[in-house]
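Engineer:
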Amino acid sequence: RKEVEQDPGPFNVPEGATVAFNCTYSNSASQSFFWYRQDCRKEPKLLMSVYSSGNEDGRFTAQLNRASQYISLLIRDSKLSDSATYLCVVILNDYKLSFGAGTTVTVRA
Amino acid sequence: SQTIHQWPATLVQPVGSPLSLECTVEGTSNPNLYWYRQAAGRGLQLLFYSVGIGQISSEVPQNLSASRPQDRQFILSSKKLLLSDSGFYLCAWSLQGRSPLHFGNGTRLTVT
Chain A
293 RKEVEQDPGP FNVPEGATVA FNCTYSNSAS QSFFWYRQDC RKEPKLLMSV YSSGNEDGRF
353 TAQLNRASQY ISLLIRDSKL SDSATYLCVV ILNDYKLSFG AGTTVTVRA
Chain B
73 SQTIHQWPAT LVQPVGSPLS LECTVEGTSN PNLYWYRQAA GRGLQLLFYS VGIGQISSEV
133 PQNLSASRPQ DRQFILSSKK LLLSDSGFYL CAWSLQGRSP LHFGNGTRLT VT
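Those protein sequences? They're chains A and B, same order as listed. Residue 293 is where the first sequence starts when you use this note's numbering, and the numbers rise one by one after that. Residue 73 is where the second sequence starts when you use this note's numbering, and the numbers rise one by one after that.
(1) Less than 7 Å between C-beta atoms, sequence neighbours within five positions excluded: which residues of the same chain meet that for Asp369(A)?
(2) Could you name the residues of chain B that Leu338(A) contacts, counting a contact when the two beta carbons are closer than 9 Å?
(3) Which chain A residues are close to Tyr121(B), counting only those with a beta carbon under 8 Å from its beta carbon?
(4) Should the stretch 98-107 of chain B be regarded as contacting the stretch 157-172 of chain B, the criterion being three or more beta carbon pairs within less than 8 Å?
(5) Would you say Phe326(A) lies against chain B (beta-carbon separation less than 7 Å)?
(6) Helix, strand or coil for Ser322(A)? Go by DSSP, reduced to three states.
(7) Per DSSP, what kind of secondary structure is Asp374(A) in: helix, strand or coil?
(8) Count the other CB atoms, across all protein chains shown, that sit within 10 Å of the CB of Ser373(A); report buried if there are 16 or more and exposed otherwise.
(9) Would you mind sorting Glu348(A) into buried or exposed? The rule is 16 or more other CB atoms within 10 Å of its CB.
(10) Scan the stretch 296-358 of chain A and note each continuous beta strand (DSSP E) run of 3 residues or more that stays entirely inside, going in chain order.
(11) Considering only the alpha carbon of each residue, which of Gly392(A), Arg400(A) and Val397(A) lies closest to Lys294(A)?
(12) With 8 Å as the C-beta to C-beta threshold (strictly closer), list the residues of the stretch 371-398 of chain A near chain B in chain order.
(13) Of the choices His174(B), Ile147(B) and Leu118(B), whose alpha-carbon is the least far from that of Thr75(B)?
(14) Would you say Glu307(A) reaches chain B, if we count a Cβ-Cβ gap shorter than 7 Å as a contact?
(15) Go through its chain and collect everything with a Cβ distance to Gln330(A)'s Cβ below 8 Å, but skip five positions before and after it.
(16) Return helix, strand or coil for Leu153(B), following the three-state DSSP convention.
(17) Beta carbons nearer than 7 Å to chain A: which residues of the stretch 145-165 of chain B have them?
(18) Taking C-alpha atoms, which residue in Gln168(B), Gly169(B) and Leu181(B) lies nearest to Ser150(B)?
(19) Please report the straight-line C-alpha distance between Ala359(A) and Ile383(A), rounded to a whole angstrom.
(20) Going by beta carbon distance, what residues of the same chain come within less than 6 Å of Leu116(B), once the five residues before and after it are set aside?
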C-alpha cells in the first residue's frame, strides 16, 4: 500500500463551481499535513497547511480526518487560474515526508 | 526572508557525461535540504536529504550522489549520466522539525 494516495483525476469543473478531493495516508503516526499546488512544468508551491480543526484560506478549505486517515481540499468559486495539480504531503517525522502523486484540476470557462 | 536558488534551469547532456546541479539557500541557518526528481507525468521521488553539513542520506540507490559542503549549499552529481536520469530535478529546504518544504525553480535535465 502506498504511504499517500490521491485520486489522479482529472476533475474538470466549470468556473464558479466547487470541487473537492481527498488524500489518504497509511501511517497513523503521521504528524503534519500540507497541500501544494504544482503548475505544469513548474515547482510545487505550498498552498496551505492542514490543521486538526480544519482551516480556510480564502476560497480554499482544508480538513483532516485522523480517524479515517485522510485530508481533503475544497475549492469554492473555482477560477481558471485554479487549474493545476494539487499534491498532498504527509510528514511522519523530522525528515520523512511523503508526497501524493497529485490530483489534476481543470477549470473551464 | 528565505530564498532558494537552483541552477541551471535547463540542461541537455549526452549519455555518459558528468552532472553537477547546485542549490543554495539564503536567509536561514541549518536547514534540512532535499533533492527530488520528477519524471514526466509522475510524482516526486526523494533522492537525497541532508540535516547538516556533510550529512547525506540516500533514499534510492542509483548513479547519483549528493554533497553538502556548506550549511546552505547542496550539490547533486553524477559521474556518468544514463538516459533514465532525464527528469525534473528539484531542490528544496525546510526548517528543522515537521515543517513544509520550499522548492527551488527546478532543473529540467534531458539526457540524449
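Beta carbons: idealized from backbone N, C-alpha and C, even for Gly. Source: prediction; values computed, not measured.
Structural biologist: Checking against the coordinates, here is how it stands:
(1) Mapped onto the first sequence, residue 369(A) falls at position 77. Counting only Cβ-Cβ distances below 7 Å, and skipping sequence neighbours, we find Gly308 and Arg351.
(2) By one-based count along the first sequence, residue 338(A) stands at place 46. Here the neighbours are Pro172, Leu173, His174 and Phe175.
(3) In the second sequence, the residue the question calls residue 121(B) occupies position 49. Chain A residues near Tyr121(B): Tyr387.
(4) yes
(5) Walking along the first sequence from the start, residue 326(A) turns up at place 34. So yes, Phe326(A) belongs to the interface.
(6) Here residue 322(A) refers to the residue found at position 30 when the first sequence is read from its first residue. In the structure shown, Ser322(A) sits in coil (DSSP, three-state: anything other than H, G, I, E or B).
(7) Taking the first sequence and counting its residues from 1, one reaches residue 374(A) at position 82. Looking at Asp374(A) - three-state DSSP - the assignment turns out to be helix.
(8) Position 81 of the first sequence, counted from the first residue, corresponds to residue 373(A). Counting Cβ neighbours within 10 Å, Ser373(A) comes out exposed, since fewer than 16 surround it.
(9) Sequence index remark: in the first sequence, residue 348(A) carries index 56 (1-based). Burial call: exposed.
(10) Taking 3 residues as the shortest admissible run, the stretch 296-358 of chain A contains the following complete beta strand (DSSP E) segments, listed from N- to C-terminal end: 296-298, 303-306, 311-317, 324-330, 337-342, 347-349 and 352-357.
(11) Locating residue 294(A) in the first sequence gives position 2, counting from the first residue. Lys294(A) has its Cα closest to that of Gly392(A), out of Gly392(A), Arg400(A) and Val397(A).
(12) Leu379, Val381, Ile383, Asn385, Asp386, Tyr387, Leu389, Phe391, Gly392, Ala393 and Gly394
(13) Here residue 75(B) is taken as the residue at index 3 of the second sequence, counted from 1. It is His174(B) whose Cα lies nearest to the Cα of Thr75(B).
(14) Sequence index remark: in the first sequence, residue 307(A) carries index 15 (1-based). Not one chain B Cβ lies under 7 Å of Glu307(A).
(15) By 1-based counting over the first sequence, the position of residue 330(A) is 38. The answer, listed in chain order, is Pro336, Lys337, Ala376, Thr377, Tyr378, Leu379 and Gly394.
(16) Position 81 of the second sequence, counted from the first residue, corresponds to residue 153(B). Three-state DSSP puts Leu153(B) in coil, outside helix and strand.
(17) Leu162
(18) In the second sequence, residue 150(B) corresponds to position 78, counting from 1. Minimum Cα distance to Ser150(B) is reached at Leu181(B).
(19) Position 67 of the first sequence, counting from 1, holds the residue named residue 359(A). Position 91 of the first sequence, counting from 1, holds the residue named residue 383(A). Rounded to whole angstroms, Ala359(A) to Ile383(A) spans 17 Å at the Cα level.
(20) Against the second sequence, residue 116(B) aligns to sequence position 44. Correct list, in chain order: Tyr108 and Gln110.
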